[in-house]
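Chains as they are written, first to last, in the UniProt record's numbering: chain R, 1 to 297; chain A, 1 to 241. Glycine included, each C-beta is placed from N, C-alpha and C at the ideal position. Predicted, not measured: the structure shown is a model, and the values here were computed from it. What follows is a single structure, written as structure tokens, with notes after it.
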Amino acid sequence: MLVQLNQTAAGRTGLRLAKVREGCTPHWLTPQRGGALLLPLLLSGSAVIAAPAMGLELYLDLLSQPSRAVYIFAKKNGIPFELRNVELLKGQHLSKEFFPVNSLQRVPTLKDGDFVLSESVAILIYLSFKYQTADHWYPSDLQARVRIHEYLGWHADRIRGTFGVSLWTQVLAPLIGAQVPEEKVKRNRTNIDKALQHLEDKFLGHKAFLTSQQVTLADLMALEELMQVVAVGYPLFEGRPRLAAWRERVEAFLGTDLCQEAHGPIFHIVEQAANKTLPQPSPDFYPNMLLRISMIP
Amino acid sequence: MGMELYLDLLSASCRAVYIFVKKNNIPFDFQFVDLLQGHHHSKEYMEINPLKKLPSLKDGNFILSESVAILLYLCRKYSAPSHWYPPDLHMRARVDEFMAWQHTAIQLPMSKILWIKLLIPMITGEEVPAGKTKEILDEVNKNMQLFEEKFLQDKMFITGDNISLADVVALVEMMQPMAGNHNVFHNSPKLAEWRTRVELTIGSGLFLEAHERLKKLTEWDCSTLDPTVKERVSKLLQKFK
């Protein structure tokens, strides 16, 4: 079961243990998907893949919570970037065009020259270093800094995945004529409530913000997840005055204009769905959406 | 009292921390919190971590949970060699990227395999339906492929020529299904090589020691399991049906 080798055995098998060459050129393997989802470049000029790469590019969809966190962070800190809109509802993240940008086919994605990075947390930390943002976002003090990672670890388990479900049950599944079983909707509600309780009691407590007395990356990540649920009409701040006050403080810090700009698309989505003005996903994209729906716990 | 680490090496997250501290000769007191006995739910442990999760670190009055946070704390506090969490902006970002991605892509599915292949049958006497099992195995295979193509590529380790926190975290999680007799490396010679490379860099002795308890999990007598826990596991099985 477990491999037992010593150094000489490794030598015999020819395993490389020591450095054998100077660096490697990362390569992208040929796309495995995308044939069926050959989507044209975006209309109205904002192409998924820009022509010459220059400066920082952020591939985002403001319908996505982590995309919003990155967007807000970049804007708030005056970080210059080219916005590359990747429309998730149209399945553009799965397109052949986007695959060379990020083979994980996810947003947000950062492209800085030849350097490509996914995962909002990694992107936020990278931006905070590269653009020397104010210390409070990601403090240099060790204990303060690891508290953010502590929150984000719990967030990855209990918030991510859970808070995005409501959009699927309320808007996206109905959009393609699918339905999420009532049992799963109930379970999701319970998970949301439990998570909010922990958020309020174990993280926020009586502090101004989640991990300290100042806004950090943690607050940004949390806020955008909560907004996803608020956007589909769940009054999660009702009966939670401390959390409501925290939300006010974060939004006051970020600025009303920036919040309205970033939250616009997600807050309009329910209205658009009701008015039937929401872009209808291509039928090619349905299997992918149905798979995502089936994965709801 | 020195730094305390609250651990059960059945947990992949705990193994990552354990391997790191031992490899870097960081002094600590091993506080065993027996997951199989439900000690993580005890009043005593909840005072350390009200979220009842492992691992936890206690350094004087400073208490910290979440393995990634703990690893970063230890790295810096004990000035571990820089390759563990490289100062280079791009290389560090790769570690951060992997650490974020692995939560849902690696840790969760690997843990599911262990439940499906060993723990649920052992505790409830029932098997998880084949269809659901296949779904989860397919997901794992897909993510192992992504790991190879996107994170490892043709490099020795995730960040390049040297081992980092990312490799340790990746490997301990990929070992979890072994206790269910499922080897996620058998499809890819490149991944099997990487796995051996990481193990040897850590040191086979330490690696084996860290995985001893996981290896023995099949021998666990779960008949003494608390009926409420058994009930919860049965409910878990229902979710897979």
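Against chain A, the CB of R/W168 has no partner CB under 8 Å away; the residue lies outside that interface. Residues of the stretch 105-131 of chain A with a Cβ closer than 7 Å to any Cβ of chain R: none. Counting only runs of 4+ residues, the alpha helix (DSSP H) found wholly inside the UniProt domain "GST N-terminal" (1-82) of chain A occupies 12-23, 43-48, 67-77, in chain order. Each residue's CA atom was taken as its position, placing R/L258 and R/L89 some 23 Å apart. Note that the C-beta distance between A/I113 and A/V128 is not below 8 Å.
Counting along the chain, R/S67 sits inside the alpha helix (DSSP H) bounded by residues 65-76. Annotated as proximal: A/L214 and A/M175, with beta-carbon spacing under 8 Å. For the stretch 80-101 of chain A, the set of residues with a beta-carbon nearer than 9 Å to any beta-carbon of chain R comprises L89, H90, R92, A93, R94, V95, D96, E97, F98, M99, A100, W101, in chain order.
When C-beta atoms of the stretch 217-236 of chain A are compared with those of the stretch 24-33 of chain A, fewer than three pairs fall below 8 Å, so the two segments do not count as touching. Proximity of chain A to R/H206 at the Cβ level (cut-off 9 Å) is not reached, the minimal Cβ distance being about 15 Å. R/A218 and R/I148 do touch by the CB rule: their CB atoms are close to 5 Å apart, below 8 Å. Using a CB distance cut-off of 8 Å, R/S118 counts as an interface residue toward chain A. Taking the CA atoms as reference points, A/I106 sits about 12 Å from A/L137. For A/P109, the closest C-alpha among the options A/T133, A/S79, A/V17 is that of A/T133.
Rounded to the nearest angstrom, the Cβ distance from R/R242 to R/E200 is 6 Å, consistent with a contact under 8 Å. Chain order gives the chain R residues near A/Y73 as L142, V146, where near means a beta carbon separation below 7 Å. When the alpha-carbon of A/W84 is set against those of A/I120, A/I123, A/E199, A/N24, the nearest one is in A/N24. Counting only runs of 3 or more residues that sit fully inside the stretch 113-194 of chain R, the beta strand (DSSP E) segments are 115-118, in chain order. Between the stretch 188-196 of chain R and the stretch 162-174 of chain R there are three or more inter-stretch CB-CB distances shorter than 8 Å, so the stretches are counted as touching. Here A/G38 has D226, V229 as same chain residues with Cβ atoms under 8 Å from its own Cβ, once five neighbours each way along the sequence are excluded. Closest by C-alpha distance to R/A74, out of R/A208, R/Y234, R/Q132, is R/Q132. For R/E87, no alpha helix (DSSP H) run applies, since DSSP gives it neither H nor E.
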